[in-house]
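Asks:
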Amino acid sequence: MLSRRTLLSASAAAIAAPAIAQTRGGEVIVAQQAQPPTLDTQTTTAQASRNITLHAMETLFARDEAGNPKPDLAEGVDISADGLTYTFTLRGGVKFHNGDAMTSADVKASLERYGRVGGSAFIMRPVAAIETPDARKVVVKLSAVSPGFIEGVSSPRAPCAIMPAAECAKPAGQAQLIGTGPYRFVEYRPDSHVKLARFDGYQPNAAFSERDGFAGRKTPLFDGVTFRFVPEGGARTAGLETGEIHVLEALAVPAAQRLKDNRAVRTYEMMPWAFQTLMMNNAWGPTANVGVRRAIQAALDLEEIMAISADGLYRMQPAWQHPGTQHFPGTAGLDAYTRQDQNKAKALLRDAGYRNEEVILVTDNAFKNHLDAGTIAAEQMRAVGMNVKLEVMDWPTVFARRSRPDNWNVWPLMLGIEPYEGPYGVVGFFAGEKPVQIKPDPVIEEAQAKLTSSLKLEDRVAAVKSFQDRVYAEAIGIKVGDVGIVQATVARVANYKPYRIPRMWDCWFA
Amino acid sequence: MTRSRAFWIGTVMLLLVAAAGLLADWLAPHDPIRNAFRARFRAPDETYWLGTDRFGRDVLSRILFGIRVSLRIGLMVVLASGLVGAAIGMAAGWWRKADPWLMRAMDGLMAFPGVLLAIALAAALGPSETNAAIALSVAYAPRTARVMRGAVLVTRSQDFVLAAQAVGAGTPRILFRHVLPACLAPLVVQQTYVFALAVLAEAVLSFIGVGPPPPAPTLGGIIAEGRDYLVEAPWIGLWPGLVIAWLVLGLNLLGDGLRDALDPRMRATV
Amino acid sequence: MARLLLARLLQAVPVLLVVSVVAFGITWIIPGDMAAEMAGPTATASDLARLRTELGLDRPPLERFLAWFGGALTGDLGRSVLLNQGVAAAILERLPVTLSLALTALVLACLIGIPLGAIAAAHANRWPDQAAMGAALVGLSLPDFWLGLSLIWVFAVQFGWLPTGGFVPLHEDPVGWLRCMAMPAGALALTQLGPIARMTRASLLEVLRGDFVRTARAKGLSERRVIGLHALAASLVPIITIAGIGFGVLLGGAVVIEQVFSLPGVGRLIIGAVQRRDYPVIQGGLLLTASVFVLVNLLVDVLYLIVDPRLREGSK
Numbered sequence: 014m015l016s017r018r019t020l021l022s023a024s025a026a027a028i029a030a031p032a033i034a035q036t037r038g039g040e041v042i043v044a045q046q047a048q049p050p051t052l053d054t055q056t057t058t059a060q061a062s063r064n065i066t067l068h069a070m071e072t073l074f075a076r077d078e079a080g081n082p083k084p085d086l087a088e089g090v091d092i093s094a095d096g097l098t099y100t101f102t103l104r105g106g107v108k109f110h111n112g113d114a115m116t117s118a119d120v121k122a123s124l125e126r127y128g129r130v131g132g133s134a135f136i137m138r139p140v141a142a143i144e145t146p147d148a149r150k151v152v153v154k155l156s157a158v159s160p161g162f163i164e165g166v167s168s169p170r171a172p173c174a175i176m177p178a179a180e181c182a183k184p185a186g187q188a189q190l191i192g193t194g195p196y197r198f199v200e201y202r203p204d205s206h207v208k209l210a211r212f213d214g215y216q217p218n219a220a221f222s223e224r225d226g227f228a229g230r231k232t233p234l235f236d237g238v239t240f241r242f243v244p245e246g247g248a249r250t251a252g253l254e255t256g257e258i259h260v261l262e263a264l265a266v267p268a269a270q271r272l273k274d275n276r277a278v279r280t281y282e283m284m285p286w287a288f289q290t291l292m293m294n295n296a297w298g299p300t301a302n303v304g305v306r307r308a309i310q311a312a313l314d315l316e317e318i319m320a321i322s323a324d325g326l327y328r329m330q331p332a333w334q335h336p337g338t339q340h341f342p343g344t345a346g347l348d349a350y351t352r353q354d355q356n357k358a359k360a361l362l363r364d365a366g367y368r369n370e371e372v373i374l375v376t377d378n379a380f381k382n383h384l385d386a387g388t389i390a391a392e393q394m395r396a397v398g399m400n401v402k403l404e405v406m407d408w409p410t411v412f413a414r415r416s417r418p419d420n421w422n423v424w425p426l427m428l429g430i431e432p433y434e435g436p437y438g439v440v441g442f443f444a445g446e447k448p449v450q451i452k453p454d455p456v457i458e459e460a461q462a463k464l465t466s467s468l469k470l471e472d473r474v475a476a477v478k479s480f481q482d483r484v485y486a487e488a489i490g491i492k493v494g495d496v497g498i499v500q501a502t503v504a505r506v507a508n509y510k511p512y513r514i515p516r517m518w519d520c521w522f523a
Numbered sequence: 188m189t190r191s192r193a194f195w196i197g198t199v200m201l202l203l204v205a206a207a208g209l210l211a212d213w214l215a216p217h218d219p220i221r222n223a224f225r226a227r228f229r230a231p232d233e234t235y236w237l238g239t240d241r242f243g244r245d246v247l248s249r250i251l252f253g254i255r256v257s258l259r260i261g262l263m264v265v266l267a268s269g270l271v272g273a274a275i276g277m278a279a280g281w282w283r284k285a286d287p288w289l290m291r292a293m294d295g296l297m298a299f300p301g302v303l304l305a306i307a308l309a310a311a312l313g314p315s316e317t318n319a320a321i322a323l324s325v326a327y328a329p330r331t332a333r334v335m336r337g338a339v340l341v342t343r344s345q346d347f348v349l350a351a352q353a354v355g356a357g358t359p360r361i362l363f364r365h366v367l368p369a370c371l372a373p374l375v376v377q378q379t380y381v382f383a384l385a386v387l388a389e390a391v392l393s394f395i396g397v398g399p400p401p402p403a404p405t406l407g408g409i410i411a412e413g414r415d416y417l418v419e420a421p422w423i424g425l426w427p428g429l430v431i432a433w434l435v436l437g438l439n440l441l442g443d444g445l446r447d448a449l450d451p452r453m454r455a456t457v
Numbered sequence: 322m323a324r325l326l327l328a329r330l331l332q333a334v335p336v337l338l339v340v341s342v343v344a345f346g347i348t349w350i351i352p353g354d355m356a357a358e359m360a361g362p363t364a365t366a367s368d369l370a371r372l373r374t375e376l377g378l379d380r381p382p383l384e385r386f387l388a389w390f391g392g393a394l395t396g397d398l399g400r401s402v403l404l405n406q407g408v409a410a411a412i413l414e415r416l417p418v419t420l421s422l423a424l425t426a427l428v429l430a431c432l433i434g435i436p437l438g439a440i441a442a443a444h445a446n447r448w449p450d451q452a453a454m455g456a457a458l459v460g461l462s463l464p465d466f467w468l469g470l471s472l473i474w475v476f477a478v479q480f481g482w483l484p485t486g487g488f489v490p491l492h493e494d495p496v497g498w499l500r501c502m503a504m505p506a507g508a509l510a511l512t513q514l515g516p517i518a519r520m521t522r523a524s525l526l527e528v529l530r531g532d533f534v535r536t537a538r539a540k541g542l543s544e545r546r547v548i549g550l551h552a553l554a555a556s557l558v559p560i561i562t563i564a565g566i567g568f569g570v571l572l573g574g575a576v577v578i579e580q581v582f583s584l585p586g587v588g589r590l591i592i593g594a595v596q597r598r599d600y601p602v603i604q605g606g607l608l609l610t611a612s613v614f615v616l617v618n619l620l621v622d623v624l625y626l627i628v629d630p631r632l633r634e635g636s637k
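Chains as they are written, first to last, in the numbering used here: chain D, 14 to 523; chain V, 188 to 457; chain E, 322 to 637.
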């Protein structure tokens with residue numbers, strides 16, 4: 014995708030009028046479990062924030078339906094032959110919610126702020142200088158080749174949102190939700206809701222005919238969008254059934270099955286949504302021994318873990334990238350690692366000299382997937398004679414605990430946005446200063462270096478493949494399977510299409 | 188309700204639950220922790236009398252073992268808060284100089300809603316069975332202390348205590364040989380109520396996720412696991428709630444019965 | 322009367338002092354490093370150092386407590402790093418929800434509990450007494466959060482009569498407010514009317530043995546009037562006491578009920594803080610809840626003085 018040539022606003026797709034009659038108006042109510050930790054878009058990687066902020070904020074490039082970067086606030090980018098200079102041309106007529114026109118100065122300030130406080134600030138590390146030759150041109154000069162740069166600025170993980178220069182002076186967590194997006198901020202009542210209203214000065218991207226992922230031509234039709242925070246799963250489902258709630262970020266799978274034939278509700282499956290993984294500590298305790306790690310690999314019945322932890326909506330898929338994406342490395346040779354073989358596990362334990370040492374599995378009770386995956390994995394490991402200590406703590410404690418090199422061996426983690434982003438986040442997890450498995454692995458470090466410096470796609474895919482083979486051979490991370498989710502709306506929400514967030518543009522009340 | 192009737196009904200209710208919990212190893216038809224994903228969300232049938240949860244675990248077996256956890260924590264709280272509360276209460280009732288200090292401290296602790304204090308303490312200490320018991324004991328000991336102090340204040344001016352003092356008995360001897368036995372009745376009544384409160388509060392801790400960690404079965408925890416499937420699998424959360432209510436009702440009835448039988452002052456009024 | 326009030330106020334001072342030591346002391350018992358726990362794994366050493374300074378962890382515990390206490394006296398409870406908001410502001414914003422929930426529940430509990438107790442007293446030791454007291458005891462024994470979930474199942478899921486949760490301010494939409502409050506307040510009231518009914522019965526029985534009731538009966542007043550007016554008025558003091566204490570219990574119960582019904586109150590704030598390990602909020606939440614309780618009990622004492630003239634003369 015990222016060729017050296019111009020990456021102009023693609024979509025030669027004919028600008029056809031939408032086939033269905035759209036209706037403006039109405040207040041739509043979206044329910045999500047958690048409340049956003051902050052609405053400062055650039056600084057947070059929380060799904061609860063992203064659901065809301067990406068209705069108000071936009072980025073230079075944004076991911077399309079398939080997860081590839083497409084121009085959004087930019088018309089396109091020119092990348093110099095040496096891969097060091099990116100010249101973005103901004104779309105004209107774009108206004109912020111405060112009424113000011115968006116200029117290159119705002120973009121420069123936003124990118125610079127992202128480098129200071131952004132949730133993935135490292136993407137700005139190769140940036141040497143940002144110049145603004147005129148109001149619609151932004152030139153970013155890099156000090157080193159960075160093939161993932163456009164992926165980075167287009168990622169919704171912690172979006173590199175473009176905001177008014179005045180907001181950019183504010184420290185992390187303090188910037189107001191003022192952007193160029195289709196809805197503008199109205200109010201935030203903590204523990205209750207966030208209210209947005211349609212931004213009537215919105216300038217849609219004329220290069221597209223309709224929505225395309227986070228990019229495309231966005232048409233806000235609702236008068237307002239209210240995001241309600243409803244912690245109880247049962248209450249969220251009941252709210253959808255009674256019509257108090259119009260859109261659900263995620264519907265429990267058993268509820269989705271029950272509601273399949275309910276004509277008042279529409280359910281939308283998304284597969285894949287995330288990876289379920291088990292991370293292993295290669296630096297401490299029994300799992301410092303590769304034999305023990307391989308024994309764990311052989312002890313696990315991955316399908317059982319998936320069936321329960323993903324509530325029945327899962328796919329057994331061993332690759333560390335989503336199939337159909339650019340960097341998909343294939344699944345050749347992985348069968349040997351993913352099959353459960355308890356005798357092999359016992360033999361491996363014997364050969365590794367395992368003498369009933371305690372294996373500590375840490376997991377949290379905040380995410381059902383983590384808790385379930387941990388609980389079941391622990392039981393399967395016990396079945397081959399391992400002495401497993403399951404420690405369930407709250408999420409912050411687990412997170413803090415596993416970032417230390419000792420006192421944990423296995424850690425279940427669901428990766429949602431990272432595999433969607435592409436290979437950089439996934440490989441990055443195992444590489445760099447603080448790799449998830451604790452002790453850096455030379456082969457993975459090399460793969461990471463190749464991935465982040467190769468301009469040729471096939472070289473990068475090869476790097477991902479060598480990373481994947483190494484993770485399996487060394488058993489430092491176990492890809493359990495792909496997790497799906499169900500988004501849902503009441504029947505009168507028309508033309509809804511599920512995505513990483515429940516998008517409230519291009520859909521309406523029928 | 189007549190006194191003895193409350194006492195007996197309460198005793199029988201409590202004994203039934205206690206027996207179910209104690210005999211869980213024999214009574215439980217399935218392993219309470221082992222999961223079976225092919226048997227997820229089974230509605231009650233002849234194999235799984237109360238259905239299964241999202242792990243395919245037998246709800247009945249989990250409830251039986253959950254009762255055991257509730258009883259264990261409840262007993263720990265009864266003992267710990269009883270010992271500490273009684274000691275503080277006796278000190279406050281006997282040494283009048285210490286009284287205002289001790290009781291203001293107890294008032295301070297009692298100003299917190301018990302459940303809330305226990306949640307905060309349990310969260311800070313980290314989720315475990317012992318920590319839940321510690322947190323609940325801190326929350327409920329002041330009530331015991333207050334009851335004990337009141338009882339000591341009444342007892343200290345009674346003839347047998349004054350007589351013991353007159354013959355020169357040492358303070359420890361007076362406290363433990365004369366005062367304590369006379370105050371045991373209200374203490375026992377109070378601790379029966381503390382037991383009931385502790386069972387309820389432990390359920391809250393587990394429900395919120397600061398109680399004993401999963402996969403250990405706890406009654407509050409089973410309700411918490413069932414709440415996401417309120418409509419699809421209402422059987423998960425229904426029974427543990429009823430069991431808690433049964434257990435607490437039994438304890439309250441027992442407390443009422445004991446109070447009426449043991450505490451003549453209360454009998455005069457109620 | 323003023324002297325009595327003043328004495329009562331002075332008594333509250335050491336209690337509040339203990340309350341603040343306990344509320345603050347929560348952070349002393351955390352095993353491990355509070356800042357590391359709050360900052361999460363992605364924090365760099367400098368992030369951690371900044372957070373430690375912001376939380377004041379670089380200072381000795383006593384100094385930290387004094388600074389926090391001094392702040393609390395001026396209404397500053399520190400900042401929530403995670404909410405990015407002043408703790409006092411965050412709590413005050415949510416306090417109306419919690420207070421209105423607890424008050425509604427209290428009123429409901431009194432409206433049901435007092436008549437229940439009166440009926441029981443009027444028919445002491447006969448079947449209506451036993452039925453009423455039995456019902457009160459059953460209510461007292463139900464786990465409130467389970468009751469809340471059961472109510473959702475019945476009234477929201479099965480019948481669709483009431484919303485499953487959420488909150489609408491009273492001044493914006495009174496009907497909506499009532500619909501939102503019905504189940505949470507009902508669940509709380511049902512579990513809390515027990516003590517009120519029992520105390521009403523007990524104190525009525527005592528009053529009914531008193532002289533003036535005999536006089537009223539002798540004057541030929543109907544039994545219903547005797548109990549309904551004269552006796553009930555005379556037995557108000559203990560009922561108010563138990564209601565005051567009940568208010569504290571309701572505040573505690575509101576914590577979980579808010580979670581179950583998605584009400585944006587202090588309880589949900591504190592549970593969220595517990596889950597995120599946001600200690601400034603936990604400390605502030607504990608302090609404020611306990612202070613409200615102390616305040617309510619002060620008010621109860623004032624009510625005594627109004628209701629019971631005997632106390633007003635200063636015999637204590």
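Don't be surprised by glycine CBs; every beta carbon is placed ideally from N, CA and C.
(1) List the residues of chain V that E/Phe386 touches, going by C-beta distances under 7 Å, in chain order.
(2) Quick check: what's the CA-CA separation for V/Leu438 versus V/Thr379?
(3) How about E/Thr562: is its C-beta nearer than 8 Å to some C-beta of chain V?
(4) Figure out for me which residue from D/Lys83, D/Ser479 and D/Ile489 has the closest Cα to the Cα of D/Gly226.
(5) Quick check on DSSP: helix, strand or coil for D/Lys183?
(6) If I measure Cβ to Cβ from D/Ala504 and keep anything under 6 Å in the same chain, skipping five residues before and after, which residues do I get?
(7) Please report the distance separating the alpha-carbon of E/Ser612 from that of D/Ser222.
(8) Using a 10 Å radius around the Cβ and a threshold of 16 neighbouring Cβ atoms, would you call V/Val435 buried or exposed?
(9) Please report the straight-line C-alpha distance between V/Ala356 and V/Val366, rounded to a whole angstrom.
(10) For D/Glu524, report the span of its beta strand (DSSP E) as first-last.
(11) So what does D/Gln500 bridge to, in DSSP terms?
(12) What residues in the stretch 453-468 of chain E bring their beta carbon closer than 9 Å to a beta carbon of chain V?
(13) In the structure shown, what three-state DSSP assignment does E/Asn405 receive?
(14) Just to confirm my understanding: we take D/Asp495, look at its own chain, exclude 5 residues before and 5 after, and list those with CB closer than 7 Å. What are they?
(15) Helix or strand or just coil, what does DSSP make of V/Met263?
(16) Could you say which of E/Met502, E/Ala426 and E/Pro490 lies nearest to E/Gly515 if we only look at CA atoms?
(17) Quick check on D/Val153 - is its C-beta less than 8 Å from some C-beta in chain E?
(18) Using a 10 Å radius around the Cβ and a threshold of 16 neighbouring Cβ atoms, would you call D/Arg126 buried or exposed?
(19) Along chain E, in chain order, which residues have C-beta atoms closer than 8 Å to that of V/Leu417?
(20) When the Cα of E/Ser524 is compared with those of E/Val336, E/Ala439 and E/Arg535, which residue comes out closest?
(21) Bridge partners of D/Ile491, per DSSP?
(22) From the DSSP output, in three-state form, read off D/Gly42 for me.
Replies: Checking against the coordinates, here is how it stands:
(1) Ordered by position in chain V, no residue passes the 7 Å Cβ test against E/Phe386, which lies about 15 Å from the chain.
(2) Distance between the alpha carbons of V/Leu438 and V/Thr379: 6 Å.
(3) Output row for E/Thr562: interface = no.
(4) Distances from the CA of D/Gly226 to each of D/Lys83, D/Ser479 and D/Ile489 were compared; the closest alpha carbon is that of D/Lys83.
(5) It is coil, neither helix nor strand.
(6) The residues are Ala277 and Arg279.
(7) Approximately 59 Å between the Cα atoms of the pair.
(8) Buried, because 16 or more other Cβ atoms sit within 10 Å of the Cβ of V/Val435.
(9) Between V/Ala356 and V/Val366, the C-alpha separation is close to 12 Å.
(10) Residue 524 of chain D falls outside the range modelled here, since chain D spans only 14 to 523, and no answer is possible.
(11) Looking at the DSSP assignment, D/Gln500 forms a beta bridge with D/Tyr281.
(12) Cβ contacts with chain V come from Met454, Gly455, Leu458, Val459, Leu461, Ser462, Leu463, Pro464, Asp465, Phe466, Trp467 and Leu468.
(13) Looking at E/Asn405 - three-state DSSP - the assignment turns out to be coil, as it is neither helix nor strand.
(14) Leaving aside the five residues that flank D/Asp495 on each side, the residues in its chain whose CB is nearer than 7 Å to its CB run, in chain order, Met284, Pro285, Phe288, Tyr327, Arg328 and Gln330.
(15) Three-state result, V/Met263: helix.
(16) Of the listed residues, the one whose Cα sits closest to E/Gly515 is E/Ala426.
(17) No, no contact with chain E.
(18) Burial call: buried.
(19) Result: Leu470, Ile473, Trp474 and Val478.
(20) Comparing Cα positions, the closest option is E/Ala439.
(21) In DSSP, D/Ile491 forms a bridge with D/Leu291.
(22) Reading the sequence as shown, one finds Ile at residue 42 of chain D and not Gly. The answer is strand: DSSP assigns D/Ile42 an E or B state.
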